[in-house]
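Asks: Each residue of the sequence shown is one higher than the one before, starting from 1 at the first, in full-length UniProt numbering. Every residue gets a Cβ at the ideal spot worked out from N, C-alpha and C, and that includes glycine. Given the structure is predicted, the values throughout are model-derived calculations rather than measurements. This is the structure I have questions about; it appears just below.
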Amino acid sequence: MTDQLDSPRGPLSTAAPSSDAPGSAPDASAAAPRRAPARRLRSPSFVVGASMVAVVVLVGLVAFFWTPYTIGTRGTGERLGGPSADFWLGTDKLGRDVLSQLMAGATNAVVVAVCSVAIAAVLGITLGVLAASTTRWVDVAVLNVVDLMIAFPTLLLAMLIVTVRGASLSSVIAAIGISGAAVIARITRINASRVLREDYVVAAAASGTGWWGTVRRHVLPNVAPTLLVQLMLLAGAAILAEASLSYLGLGPRPPYASWGRMLNEAQATISAAPLAAILPGLLIAWTVLGLNLLGDGIRERSDPSLRGDR
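Shown next as structure tokens:
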């Protein structure tokens, strides 16, 4: 096949005259790598998940600066009012605007997800790297603590921490972050141990690379894709846990809005004001589903066996 393409007598020699032009071969070879990222970006899970999460984040950012009505313990509208020109999604049993509460709830969800994931990442990665790269007794001690934390259900451990510290937004964030740190630590420890056994890492350590240099140059870049997927799933679990705690009365108090507390307050009046009970649940499902799809999309992009590149 190669002889036919190179020979001037080959049947395909005149079919692609531009291939003889100077610089045409480098352009063709350079175009292929540029098209590969585009194919990966078209992953349905990644695109759909990122779009769903972006909508929630955008609404949360807008609500941080502006909502149609002030969020408070008492509203200015008619109690259990239906959708109208003044209140697009109606009002709840206290006369508060449902749309304003949903927007403020998005802000609360974004804050809880970002802050709790940051706490879990810092604690979990630190513990996991220490367990994988230091002495044996540190590894055993960290694993024992992690196993003890994982043995408790996340919601139960969060309820215990919130009960001790009191119901507030900071307590909820700390509880979810500490609960999620155990899973992140175990995943980091497993992947970091595998990376540290690689020949190139052993050679780097033998050549004089220090502990921090090995972690920064070799361990963290190799465990980052797996951790990023897990952090996306943890963000969805954090929003679900915050909604559950708020539903049980252990979440942030007003003026902080919460989708979980909206569900709790609206369950008794669902027949009179169904939107106040249905919409918070739909938004929780929307956000958690979007984060899960985003995590799946990141996993597809980082795993060559799942990308479908040929």
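Taking C-alpha atoms, which residue in ALA158, ALA192, GLY180, ARG194 lies nearest to SER244?
Replies: Closest by alpha carbon: ALA158.
Asks: Identify whether THR134 lies in helix, strand or coil by the three-state DSSP scheme.
Replies: THR134 falls in the coil class under three-state DSSP.
Asks: Since ILE161 and ALA181 should fall inside the 8 Å C-beta cutoff, what is the C-beta to C-beta distance between them, to a whole number of angstroms?
Replies: With 8 Å as the limit, ILE161 and ALA181 do not qualify as a contact, their Cβ atoms being about 12 Å apart.
Asks: Strictly by DSSP, which residues pair up with THR188?
Replies: In DSSP, THR188 forms no bridge with anything.
Asks: Could you work out which residue in ILE298, PRO153, ASP139 is closest to LEU228 when comparing CA atoms only?
Replies: Minimum Cα distance to LEU228 is reached at ILE298.
Asks: Contact defined as beta carbons within less than 8 Å: I believe ALA109 pairs with TRP259. What is the distance between those atoms, to the nearest angstrom?
Replies: 7 Å
Asks: Could you tell me the boundaries of the alpha helix (DSSP H) in which ASP199 lies?
Replies: 199-206
Asks: Terminal residues of the continuous alpha helix (DSSP H) containing ARG301?
Replies: 274-302
Asks: Counting only the same chain and skipping the five closest in sequence on each side, list residues whose C-beta sits under 6 Å from that of LEU233.
Replies: If you ignore the 5 residues before and after LEU233, its C-beta comes within less than 6 Å of the C-beta of GLY295, all in its own chain and listed in chain order.
Asks: Quick check: THR188 and GLY90, are their CB atoms within less than 8 Å of each other?
Replies: Not in contact: THR188 and GLY90 (Cβ atoms no closer than 8 Å).
Asks: Alpha carbon to alpha carbon, how far is SER51 from LEU58?
Replies: 10 Å
Asks: Taking ALA277 as the reference, which of ALA285, TYR256, ASN292, GLU265 has the closest Cα?
Replies: GLU265
Asks: Let me make sure I understand the geometry here. Which of LEU196, LEU99, ALA106 has the alpha-carbon closest to that of SER84?
Replies: LEU99
Asks: With which residues is THR91 paired in a DSSP beta bridge?
Replies: Answer by DSSP bridge pairing, in chain order: ASP97.
Asks: Short of 6 Å in beta carbon distance, which residues of its chain neighbour VAL219, apart from the five on each side in sequence? Order them along the chain.
Replies: ALA192, VAL195
Asks: Answer with buried or exposed for LEU293, where buried requires no fewer than 16 other C-beta atoms within 10 angstroms of its C-beta.
Replies: buried
Asks: How long is the line joining the alpha carbons of GLY166 and VAL202, rounded to whole angstroms?
Replies: 48 Å
Asks: Beta-carbon within less than 7 Å of ALA63's beta-carbon, same chain only, minus the 5 sequence neighbours each way: which residues are those?
Replies: Hits under 7 Å: MET103, ALA104, ALA106, THR107.
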